[in-house]
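Participant: Can you keep this structure in mind? I'll have questions shortly.
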Amino acid sequence: MKFHIISRTDKLSNDLMRTAKDYLEDFGMEWNEESPDVVLSIGGDGTLLHAFHKYSEKLSEVAFVGIHTGHLGFYADWKPIEIEKLVLSIAKKEYEVIEYPLLEVSIHYQNLDDPAVYLALNESTVKSPDVTLVMDVFLNESHFERFRGDGLCMSTPSGSTAYNKALGGAIIHPSLQAMQLTEMASINNRVFRTVGSPLVLPGHHKCALRPVKAPDFMVTVDHLQLLHKDVKSIEYKVAKEKVRFARFRAFPFWQRVHDSFIDSELSD
Numbered sequence: 000m001k002f003h004i005i006s007r008t009d010k011l012s013n014d015l016m017r018t019a020k021d022y023l024e025d026f027g028m029e030w031n032e033e034s035p036d037v038v039l040s041i042g043g044d045g046t047l048l049h050a051f052h053k054y055s056e057k058l059s060e061v062a063f064v065g066i067h068t069g070h071l072g073f074y075a076d077w078k079p080i081e082i083e084k085l086v087l088s089i090a091k092k093e094y095e096v097i098e099y100p101l102l103e104v105s106i107h108y109q110n111l112d113d114p115a116v117y118l119a120l121n122e123s124t125v126k127s128p129d130v131t132l133v134m135d136v137f138l139n140e141s142h143f144e145r146f147r148g149d150g151l152c153m154s155t156p157s158g159s160t161a162y163n164k165a166l167g168g169a170i171i172h173p174s175l176q177a178m179q180l181t182e183m184a185s186i187n188n189r190v191f192r193t194v195g196s197p198l199v200l201p202g203h204h205k206c207a208l209r210p211v212k213a214p215d216f217m218v219t220v221d222h223l224q225l226l227h228k229d230v231k232s233i234e235y236k237v238a239k240e241k242v243r244f245a246r247f248r249a250f251p252f253w254q255r256v257h258d259s260f261i262d263s264e265l266s267d
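In terms of numbering that gives the first Met the number 0, the sequence shown opens at residue 0 and continues consecutively.
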């Protein structure tokens, strides 16, 4: 079996990376950055996002596992003190592979035939370089609304606990093939109206954002942020590809939600 490790580069994460590498090689596993079977992410959820985008073109071949060296994450659920147990489980292949939905982001330009296409593990956001974003929102090619506000966020189910939650969106179990559109400070008065609520769209639906005025937008895909010029439309759909995680033990999604946002211990 081939493996690779991506570290957050702080001292603790780097020390764990060296320890895990030595252990795994002692078990006869091969360090291979180009085509690993398993990628260990040591740091936090941000580190795993970097790992995901590094191997976004090899998702059918790679399974990810996260070790957190800070706070408990939704993707990084192993503790540093458990490194030996984790390495032994990897070496014995005592894990199952679970898959989560991803978001496909296609940015079409006014003067280019081919769109820029990205995959998002958490979310994609759209904002205007100016004060107000003005976008026509289409659902399955039918005009739904004209949005005016700070921006829009389309998230995956696993990413629903991230920026989407901070915007007031719903938390969606990652077993569901869906995506969620949430608003950022929409303008609603007697003249301008939006639905004002998050939209949970099933896997067979598509959503397109088409500019009304300025064609330049700040678009994020997870931690990546770029200014896109002369945009014709931004289209979202649930991707055909899926992210694969190596799961060694039961850690139910709702338990993760509880531990992250409520309390890790029951109170009297």
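No residue lacks a Cβ here, since even glycine has one placed at the ideal position from N, Cα and C.
With Val-190 as the anchor, note down where its alpha helix (DSSP H) starts and where it stops.
Facilitator: Start at 1 with the first residue of the sequence shown, and residue 190 comes out as number 191. Segment: none, Val-190 is in no alpha helix (DSSP H) and carries neither H nor E.
Participant: With distances taken from CA atoms, which of Ile-80, Phe-216, Lys-92 and Gln-176 is nearest Met-0?
Facilitator: As a first step, residue 0 must be located in the sequence shown, where it is residue number 1. Per the Cα distances, Lys-92.
Participant: Could you tell me the distance, in whole angstroms, from the CA atom of Arg-255 to the CA atom of Glu-240?
Facilitator: Residue numbering aside, residue 255 sits at position 256 when the sequence shown is read from its first letter. Residue numbering aside, residue 240 sits at position 241 when the sequence shown is read from its first letter. Taking the straight line from one Cα to the other gives about 24 Å.
Participant: Report yes if the C-beta distance between Val-61 and Tyr-235 is below 8 Å; otherwise report no.
Facilitator: Stepping through the sequence shown from its first residue, residue 61 is reached at position 62. Stepping through the sequence shown from its first residue, residue 235 is reached at position 236. The answer is no: Cβ separation not under 8 Å.
Participant: Consult DSSP for Lys-205 and reduce its assignment to one of helix, strand or coil.
Facilitator: Along the sequence shown, read from residue 1 onward, the residue named residue 205 stands at position 206. Here Lys-205 sits in strand by DSSP.
Participant: Output the residue ranges of the beta strand (DSSP E) runs that lie fully inside the segment 96-140 and measure 3 residues or longer, sorted by chain position.
Facilitator: 115-119, 122-126 and 132-138
Participant: Could you compute how far the alpha carbon of Gln-176 sits from the alpha carbon of Ser-6?
Facilitator: The count along the sequence shown starts at 1 and reaches residue 176 at position 177. The count along the sequence shown starts at 1 and reaches residue 6 at position 7. Approximately 30 Å between the Cα atoms of the pair.
Participant: Hey, out of Val-38, Ala-50 and Ser-232, whose CA is closest to His-222's CA?
Facilitator: Here residue 222 is taken as the residue at index 223 of the sequence shown, counted from 1. Comparing Cα-Cα distances from His-222 to each of Val-38, Ala-50 and Ser-232, the minimum goes to Ala-50.
Participant: Please give the ranges of any beta strand (DSSP E) in the segment 38-105, keeping only runs that are unbroken, at least 3 residues long and fully inside the region.
Facilitator: 62-67 and 75-77
Participant: Contact check, Ile-82 vs Ile-66 under 8 Å by CB: the rounded distance?
Facilitator: Translated into positions along the sequence shown, residue 82 becomes position 83. Translated into positions along the sequence shown, residue 66 becomes position 67. Between Ile-66 and Ile-82 the Cβ distance is about 7 Å, and since that is below 8 Å, they are a contact.
Participant: What residue range is occupied by the uninterrupted alpha helix (DSSP H) comprising Leu-11?
Facilitator: The sequence position of residue 11 within the sequence shown is 12, counting from 1. Unbroken alpha helix (DSSP H) run through Leu-11: 10-25.
Participant: What is the rounded straight-line gap between the Cα of Arg-243 and the Cα of Ser-59?
Facilitator: For the purposes of this step, residue 243 is taken as residue 244 along the sequence shown, with counting starting at 1. For the purposes of this step, residue 59 is taken as residue 60 along the sequence shown, with counting starting at 1. About 7 Å.
Participant: Measuring CA to CA, which of Gly-69, Tyr-74, Ser-40 and Ser-34 is closest to Lys-57?
Facilitator: Along the sequence shown, read from residue 1 onward, the residue named residue 57 stands at position 58. Residue Ser-34 is the option with its Cα nearest to Lys-57.
Participant: Mind pulling the beta strand (DSSP E) runs of 3 or more residues that sit fully within the segment 220-267?
Facilitator: If only uninterrupted beta strand (DSSP E) runs of at least 3 residues are considered, those enclosed by the segment 220-267 are 223-227 and 230-246.
Participant: Exposed or buried, what is His-142 when buried is set at 16 or more other beta-carbons lying within 10 Å of its beta-carbon?
Facilitator: Reading the sequence shown from its first residue, position 143 is the one you call residue 142. It is exposed - the Cβ of His-142 has fewer than 16 other Cβ atoms within 10 Å.
Participant: On the three-state DSSP scale, how would you describe Ala-184?
Facilitator: To locate residue 184, count along the sequence shown from 1; it is residue 185. In this structure, Ala-184 counts as strand in the three-state DSSP scheme.
Participant: On the DSSP bridge assignment, give the partners of Met-28 in chain order.
Facilitator: Stepping through the sequence shown from its first residue, residue 28 is reached at position 29. Paired residues: none, contrary to the question.
Participant: Measure the alpha-carbon distance for Phe-2 versus Gly-72 and round it to whole angstroms.
Facilitator: The residue you call residue 2 lines up with position 3 of the sequence shown. The residue you call residue 72 lines up with position 73 of the sequence shown. Taking the straight line from one Cα to the other gives about 22 Å.
Participant: Flag this pair as yes or no: are the beta carbons of Cys-206 and Leu-226 separated by less than 8 Å?
Facilitator: Stepping through the sequence shown from its first residue, residue 206 is reached at position 207. Stepping through the sequence shown from its first residue, residue 226 is reached at position 227. Their beta carbons are not under 8 Å apart, which means Cys-206 does not touch Leu-226 by this criterion.
Participant: Smallest Cα separation from Leu-166: which of His-172, Arg-189 and Gly-158?
Facilitator: Looking up residue 166 in the sequence shown gives position 167. Here the closest residue by C-alpha is Gly-158.
Participant: Ignore the nearest five residues each way along the sequence and tell me which others in Phe-26's own chain have a CB closer than 6 Å to its CB.
Facilitator: Here residue 26 corresponds to residue number 27 of the sequence shown, with the count starting at 1. The residues are Ala-90.
Participant: By the three-class DSSP mapping on this structure, what secondary structure does Ala-165 have?
Facilitator: The residue given as residue 165 occupies position 166 in the sequence shown. Looking at Ala-165 - three-state DSSP - the assignment turns out to be helix.
Participant: Secondary structure at His-3, three-state DSSP: helix, strand or coil?
Facilitator: In the sequence shown, counting from the first residue as 1, residue 3 sits at position 4. Correct three-state label for His-3: strand.
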